[in-house]
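**Student:**
Residue numbers (full-length UniProt numbering): 1 to 115.
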């Protein structure tokens, strides 16, 4: 659990640093948005690899971090453009909350089975 928190913290800090240093300061740089996605992925993957000793897991974590950052950025852009209807926003929130709730219940039953 502490490893997951460390990886998530490293990715969050890396994303914030990348945005502040690369995107806000050099908004005319065409390479900056690319680094905004890659930098958190690299930091997350390297942190996971070092903590677990699993290089393949680090690669998967890095790719997952990049996908999450890209998805959040794209959704934010679409919300700014007001391309979602009120019902669409409701569905996004409902599905997100239900999938999180389902994941929590599944983990609870898997980790605390009465066996």
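Glycine is no exception: its CB is placed at the ideal position from the N, C-alpha and C atoms.
Nothing here was measured: the structure is a model prediction, and the numbers come from that model.
Leaving out five residues on either side along the sequence, give the residues of the same chain with a beta carbon under 7 Å from the beta carbon of residue 62.
**Tutor:** Excluding five sequence positions before and after residue 62, the CB atoms of its chain that fall closer than 7 Å to its own CB belong to 41, 42, 44 and 45, given in chain order.
**Student:** Hey, how far is the Cα of residue 60 from the Cα of residue 74?
**Tutor:** 21 Å
**Student:** Name the two residues that bound the continuous alpha helix (DSSP H) containing residue 83.
**Tutor:** Premise fails: residue 83 is in no alpha helix (DSSP H) and is neither H nor E.
**Student:** Taking C-beta to C-beta, are residue 58 and residue 70 nearer than 8 Å?
**Tutor:** In this structure, residue 58 sits away from residue 70, with a CB-CB distance that is not shorter than 8 Å.
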